[in-house]
Structures are given as structure tokens and as C-alpha cells.
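Shown next, in C-alpha cells, is the structure this report addresses.
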Amino acid sequence: MKTINWGIMGLGKIAHKFAKDLKETESATLLGVASRSESKAKEFASQYQSKWAYGSYEDLLDNKEIDIIYVATPHSHHYENVMMCFDAGKNVLCEKAFAVNAKQVRAMVDKARQEGLFLMEGMWSRFNPALQDAKNDIESGLIGTLQAVKADFCFHQPYDLTSRLCNKKLAGGALLDIGIYPIFLSYYMLGKPVRMNVEAEYYPNGTDKNLVMLFDYENGREAILNCSLQYFSPCDGFLYGENGCIRIHGRWHEANTYTRFVKSMDFPVTKGYGHKPLSFKFEIEEVNSCLLNGQLESKKWTLQNSIELMEILDEVRSEIKLDYGGLEAL
Ligand SMILES: NC(=O)c1ccc[n+]([C@@H]2O[C@H](COP(=O)([O-])OP(=O)(O)OC[C@H]3O[C@@H](n4cnc5c(N)ncnc54)[C@H](OP(=O)(O)O)[C@@H]3O)[C@@H](O)[C@H]2O)c1
Numbered sequence: 000m001k002t003i004n005w006g007i008m009g010l011g012k013i014a015h016k017f018a019k020d021l022k023e024t025e026s027a028t029l030l031g032v033a034s035r036s037e038s039k040a041k042e043f044a045s046q047y048q049s050k051w052a053y054g055s056y057e058d059l060l061d062n063k064e065i066d067i068i069y070v071a072t073p074h075s076h077h078y079e080n081v082m083m084c085f086d087a088g089k090n091v092l093c094e095k096a097f098a099v100n101a102k103q104v105r106a107m108v109d110k111a112r113q114e115g116l117f118l119m120e121g122m123w124s125r126f127n128p129a130l131q132d133a134k135n136d137i138e139s140g141l142i143g144t145l146q147a148v149k150a151d152f153c154f155h156q157p158y159d160l161t162s163r164l165c166n167k168k169l170a171g172g173a174l175l176d177i178g179i180y181p182i183f184l185s186y187y188m189l190g191k192p193v194r195m196n197v198e199a200e201y202y203p204n205g206t207d208k209n210l211v212m213l214f215d216y217e218n219g220r221e222a223i224l225n226c227s228l229q230y231f232s233p234c235d236g237f238l239y240g241e242n243g244c245i246r247i248h249g250r251w252h253e254a255n256t257y258t259r260f261v262k263s264m265d266f267p268v269t270k271g272y273g274h275k276p277l278s279f280k281f282e283i284e285e286v287n288s289c290l291l292n293g294q295l296e297s298k299k300w301t302l303q304n305s306i307e308l309m310e311i312l313d314e315v316r317s318e319i320k321l322d323y324g325g326l327e328a329l
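End of the sequence shown sits at 329 in numbering that gives the first Met the number 0; the numbers just go up one at a time, nothing left out.
As C-alpha cells, then:
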């Protein structure tokens with residue numbers, strides 16, 4: 000069986016999780032990893048049996064055997080790191096949020112197309128089979144026309160200036176880190192809103208901590224969304240139809256169960272899926288399948304989807320006047 004050779008750029012928290020799932024995916028081989036620190040790269044490589052360990056991102060890109068780079072650096076660095084990969088002729092899977100604004104995302108997409116290289120945003124929830132089936136249920140009319148989406152993503156992050164999450168210079172904060180998920184669900188189910196109301200609260204250094212968002216759509220449909228780095232939530236997601244409701248069990252963005260209620264609370268139908276939560280397996284399989292079939296983008300999560308999602312995030316930021324200073328320049 001032909002496998003895809005992966006490289007990982009930036010060996011932080013999520014890179015560990017991704018490497019573990021990569022090892023468990025049949026069609027993938029972890030061939031090289033790169034950190035700004037050589038000793039960290041060596042330790043990571045030995046933990047996940049990567050053949051190569053590099054103390055610089057550039058050296059990883061020089062490895063001719065690597066087919067695709069997983070970019071797992073902070074949001075502030077995605078644009079620059081993705082462009083570096085393209086200059087070296089590498090395909091890219093880049094973590095969410097794809098960049099800091101839609102202008103950067105469009106430039107990344109243009110460059111991928113110019114160079115004939117694969118590019119995808121790591122919006123891994125899109126490949127979750129439970130979410131896909133919930134959407135199929137809606138499209139087959141099981142709960143009537145979808146009228147509203149309610150979703151959140153919350154956990155407690157103490158104010159800690161050493162954490163990426165509280166660091167505006169790395170484009171941390173609630174919106175790009177976790178708010179992007181409920182916004183993704185509303186976009187996946189309802190498309191782009193026509194109007195929005197947004198309220199936000201901030202850490203003392205101006206990094207966004209809590210957002211409450213109300214989106215309006217054509218025909219009076221709506222999304223009620225929030226994200227918080229202040230308090231805990233089980234993160235259930237709800238899809239409300241005219242005749243019923245789907246509850247995606249928390250945390251909905253990594254769900255392996257959902258329950259469908261039709262007309263009443265009697266006789267709920269619960270569907271369970273075997274996968275462990277927080278699984279990158281489906282996303283990795285999608286990328287591998289695209290590369291093996293010569294596709295330059297995923298049909299399930301297209302580059303246009305990523306542009307539109309970031310346009311919504313830009314609008315949210317404009318509502319609350321949140322900017323990332325110089326990071327927004329190309
Ligand atoms: N899909 C998911 O479920 C999920 C979950 C969490 C995070 N994420 C996303 O993954 C990305 C990374 O998040 P994370 O939580 O893994 O972050 P993290 O633990 O802070 O790791 C980020 C890594 O980026 C590298 N880096 C390069 N330049 C840096 C700089 N100037 N300052 C700090 N680090 C720098 C560092 O790796 P080296 O030192 O090795 O170079 C660092 O370890 C973000 O886009 C985030 O939104 C996704």
C-alpha cells in the first residue's frame with residue numbers, strides 16, 4: 000500500500016496529539032519533525048519514531064522525501080509558515096485558525112493554486128462521521144427545515160502571559176482558538192449569516208476571553224453561539240428543526256454520539272460511533288486520499304469554505320473592534 004510521508008512543523012501541544020494519530024493511520028508515515036530547538040525535535044522524533052529530526056523548519060523543508068507538512072505553529076505564524084512550505088514545493092495541512100484574516104487566507108490559496116500544491120485547513124471536525132450524519136439527517140428532512148443552531152466551546156484558561164492562548168502577539172484569544180468551532184458549526188449547517196450581534200470580554204492585556212454571538216440568516220433563521228476561556232461547559236451542540244432537534248453530545252466538535260428527537264421528547268434515537276474523541280484520523284485519511292488521487296483540495300472542506308469561514312471571523316472581529324496589530328499585514 001502506498002503511504003504518504005508527513006513532516007510536522009512546530010512541536011507544541013497539538014503536534015503531539017497529531018503525531019500519535021498519524022502513527023495509527025495506515026496510509027501515513029511520520030518521516031520528519033522540526034522544532035526551533037534541535038533537542039526538542041530529537042526527543043519528539045524518538046517518542047513517535049520519526050526518521051528525521053530537525054532543529055530548523057527550513058531543514059525539514061529541504062527533505063525531498065516528505066510529501067506534506069502539517070503546520071502546527073501559532074496563528075500569528077501560519078501565513079508565513081505555509082508560504083515557506085510552498086516556496087519549498089511542499090503540500091500543506093495547516094492547523095485552524097488558517098491565518099489571522101481572510102486576506103492572508105486568500106493569498107495562501109492563490110499561492111497553492113499557482114504552485115499546483117495541495118492545501119487544506121485543519122478543520123478536523125468537518126470529517127467527524129457523527130457530525131456528517133447529523134447533517135445528513137437534516138438534509139433528509141428528519142427534523143423538518145433547520146431553523147437554528149446553538150453551540151459553544153468553553154473551558155477555563157487562567158490569565159497566564161506565558162500561554163499562547165492569552166498572548167495577542169501570537170493571535171491567541173478565544174475567537175481564533177475556540178470560537179472558530181461554534182462558528183464553523185453554524186457555517187456548516189446554515190451558511191454565511193446576513194447580520195450579527197457580538198459582545199466580548201477581554202483579559203487585562205486586551206486578548207479576547209469571552210464572546211457571545213447572535214447570527215441572523217435569510218428567512219429568520221439564527222445561530223446562538225458563544226466561547227469562553229473563563230468558564231467550563233460540557234459543549235453540547237443543538238440543531239433545531241421545525242419538527243425536532245438534534246443534540247450533538249459534548250464536546251460536540253469531537254462528538255461520537257448524537258441524539259435525535261422528532262416531534263416530542265419521547266422515543267429519542269441515539270446514534271453512537273466507535274471512534275475516540277479528539278481523533279485526527281478522519282482528517283488525516285481525507286488528506287491522504289486527496290494526495291493519493293492527485294486532488295489539490297478536499298471536496299469536503301474546500302479552500303472556498305476556509306475563505307468564507309475566515310470572512311465570518313473577520314466580521315465578528317470588526318463588530319467588537321478586535322485587531323491583532325501588525326500581524327494582519329501580509
Ligand atoms: N485541532 C485541534 O484540536 C487543536 C487543538 C489545539 C490547538 N490547535 C491549533 O494548533 C496550533 C498550535 O496550537 P498548540 O496548542 O499546539 O500551541 P503550542 O503548544 O503553543 O505550540 C505551538 C508551537 O509552535 C512553535 N512556534 C513557532 N514560533 C513560535 C513562537 N514565536 N512562539 C511560540 N511558539 C512558536 C513552537 O514549536 P517549536 O518550539 O517546536 O518550534 C510551539 O511549540 C494553533 O493553530 C491552534 O489553534 C488545534
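Glycine included, C-beta positions come from ideal geometry on N, C-alpha and C.
For residue i, which three-state DSSP category applies?
i: Ile247; result: strand
i: Trp300; result: coil
i: Asp20; result: helix
i: Ala150; result: strand
i: Phe237; result: strand
i: Glu37; result: helix
i: Gly324; result: helix
i: Asn100; result: coil
i: Asn4; result: strand
i: Lys262; result: coil
i: Met83; result: helix
i: Glu282; result: helix
i: Asp109; result: helix
i: Gly31; result: strand
What does a CB cutoff of less than 6 Å around residue i pick up in its chain, not counting 5 residues either side in sequence?
i: Gly9; result: Ala71, Thr72
i: Ala98; result: His77, Tyr78, Val104
i: Arg250; result: Cys234
i: His274; result: Asn255
i: Tyr53; result: Ala33, Ala40, Leu59
i: Ala111; result: Leu118
i: Trp123; result: Phe279, Glu282
If we ignore side chains and look at the alpha-carbon of each, how far apart do residue i and residue j end up?
i: Arg163; j: Leu141; result: 42 Å
i: Lys167; j: Ser139; result: 43 Å
i: Phe85; j: Pro128; result: 31 Å
i: Ser263; j: Arg220; result: 21 Å
i: Ser75; j: Leu326; result: 6 Å
i: Ile65; j: Asn4; result: 5 Å
i: Thr28; j: Thr2; result: 6 Å
i: His248; j: Gly271; result: 10 Å
i: Val193; j: Ala147; result: 14 Å
i: Lys191; j: Lys50; result: 43 Å
i: Asn292; j: Gly115; result: 14 Å
i: Lys102; j: Glu310; result: 9 Å
i: Ala87; j: Asp61; result: 7 Å
i: Lys149; j: Phe266; result: 22 Å
i: Tyr216; j: Ala222; result: 8 Å
i: Asn380; j: Tyr56; result: Shown here, the chain extends from 0 to 329; a query on residue 380 therefore has no answer.
Pop quiz: residue i and residue j are said to be a contact at Cβ under 8 Å. What is the actual Cβ separation, rounded to whole angstroms?
i: Met195; j: Leu213; result: 7 Å
i: Glu25; j: Met0; result: 7 Å
i: Phe152; j: Gly121; result: Actually they are not in contact, since the Cβ atoms of Phe152 and Gly121 sit about 16 Å apart, beyond 8 Å.
i: Glu318; j: Val211; result: Actually they are not in contact, since the Cβ atoms of Glu318 and Val211 sit about 11 Å apart, beyond 8 Å.
i: Val261; j: Gly243; result: 4 Å
i: Tyr186; j: His252; result: Wrong, their Cβ atoms sit about 13 Å apart, outside the cutoff.
i: Leu312; j: Ala96; result: 7 Å
Apart from the five residues on each side of it in sequence, which residues of its chain come closer than 8 Å, Cβ to Cβ, to residue i?
i: Tyr201; result: Asp207, Lys208
i: Ile137; result: Leu145, Met188, Leu238, Gly240, Ile245
i: Ile67; result: Ile3, Asn4, Trp5, Gly6, Lys89, Asn90, Val91, Leu92, Phe117, Val286, Leu290
Using a Cβ-Cβ cut-off of 7 Å (strictly less than) and excluding sequence neighbours within five positions of residue i, which residues of its own chain qualify?
i: Met119; result: Leu92, Val286, Glu296, Ser297, Trp300
i: Val108; result: Leu118, Leu302, Ile306
i: Phe183; result: Met122, Ser124, Leu308
i: Leu21; result: Trp5, Ala27, Leu29, Ile283
Given 8 Å, three or more beta-carbon pairs between the segment 273-285 and the segment 117-127: yes
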